[in-house]
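Q: Numbering (the working numbering), first residue to last: 178 to 333.
Here a beta-carbon is modelled for each residue, glycine too, at the ideal position from N, C-alpha and C.
Have a look at this one.
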């Protein structure tokens with residue numbers, strides 16, 4: 178029986194700081210992955226792609242269970258559309274990391290531009306979260322707190 182991963186019980190402000198710090202670490206891992214594949218070290222590249230993918234699980238759970246829930250609760254699905262679109266990229270990133278790992282091990286000649294496409298996708302995803310989603314979450318949380326100080330759950 179696998180254990181279910183739940184969001185970390187942090188204040189929203191603390192969570193966003195942590196998620197931003199994790200983005201910095203993941204950018205470093207991403208650079209290493211692309212560099213290793215550029216050097217045709219496919220075994221190491223496959224390993225790094227798997228590690229990258231596995232290391233994002235808790236991060237994604239936090240973003241989707243806390244931030245996305247905040248937006249949907251506050252604005253409904255239509256109002257949360259921008260966040261939904263950004264968070265849907267998690268699935269694309271997961272699939273691409275998995276494909277890169279498998280191709281690096283079995284068919285490295287078929288990798289083509291996948292590593293650079295993955296790099297661009299992840300970096301633009303992080304930028305969207307850091308420039309739009311995280312500030313929006315903080316603003317939404319502050320508005321909820323201001324309008325209903327006793328009704329807001331500050332720990333998720």
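What's the call for residue 290, buried or exposed, on a 16-neighbour Cβ count within 10 Å?
A: Residue 290 sits at position 113 when you count from the first residue of the chain shown. Its Cβ having fewer than 16 others within 10 Å, residue 290 is exposed.
Q: Pick from 260, 235 and 310: whose alpha carbon is nearest that of residue 180?
A: By one-based count along the chain shown, residue 180 stands at place 3. Minimum Cα distance to residue 180 is reached at 235.
Q: By how many angstroms is the C-alpha of residue 296 removed from the C-alpha of residue 222?
A: As a first step, residue 222 is located in the chain shown; it is residue number 45 there, counting from the start. As a first step, residue 296 is located in the chain shown; it is residue number 119 there, counting from the start. When rounded, the distance between both Cα atoms is 13 Å.
Q: If you draw a straight line from the alpha carbon of residue 316 to that of residue 298, how long is it in whole angstroms?
A: By 1-based counting over the chain shown, the position of residue 316 is 139. By 1-based counting over the chain shown, the position of residue 298 is 121. Each residue's alpha carbon lies about 26 Å from the other.
Q: Does the stretch 235 to 244 come within contact of the stretch 256 to 267, defined as at least 3 CB pairs closer than 8 Å?
A: Cβ pair count under 8 Å is three or more, so yes.
Q: Does the structure place the stretch 281 to 290 close enough to the stretch 298 to 314 that three or more beta carbon pairs sit under 8 Å?
A: The stretch 298 to 314, when compared against the stretch 281 to 290, does not touch it at the 8 Å Cβ threshold.
Q: Taking its Cβ as the centre, do 16 or more other Cβ atoms sit within 10 Å of residue 213, making it buried, or is it exposed?
A: Counting from one through the chain shown, the residue named residue 213 turns up at place 36. Residue 213 comes out buried.
Q: In chain order, what residues of the same chain lie with their CB nearer than 8 Å to the CB of residue 220, ignoring the 5 residues before and after it?
A: Residue 220 sits at position 43 when you count from the first residue of the chain shown. Same-chain partners within the cutoff: 281 and 282.
Q: Do you know offhand how far residue 270's Cα is from residue 259's?
A: Counting from one through the chain shown, the residue named residue 270 turns up at place 93. Counting from one through the chain shown, the residue named residue 259 turns up at place 82. The alpha-carbon atoms of residue 270 and residue 259 are separated by roughly 17 Å.
Q: Determine the extent of the alpha helix (DSSP H) in which residue 216 is found, giving its start and end residues.
A: In the chain shown, residue 216 corresponds to position 39, counting from 1. Residue 216 -> no alpha helix (DSSP H), and no H or E assigned at all.
Q: Quick one: grab the DSSP three-state call for residue 257.
A: Within the chain shown, residue 257 is the residue found at index 80, counting from 1. Three-state result, residue 257: coil.
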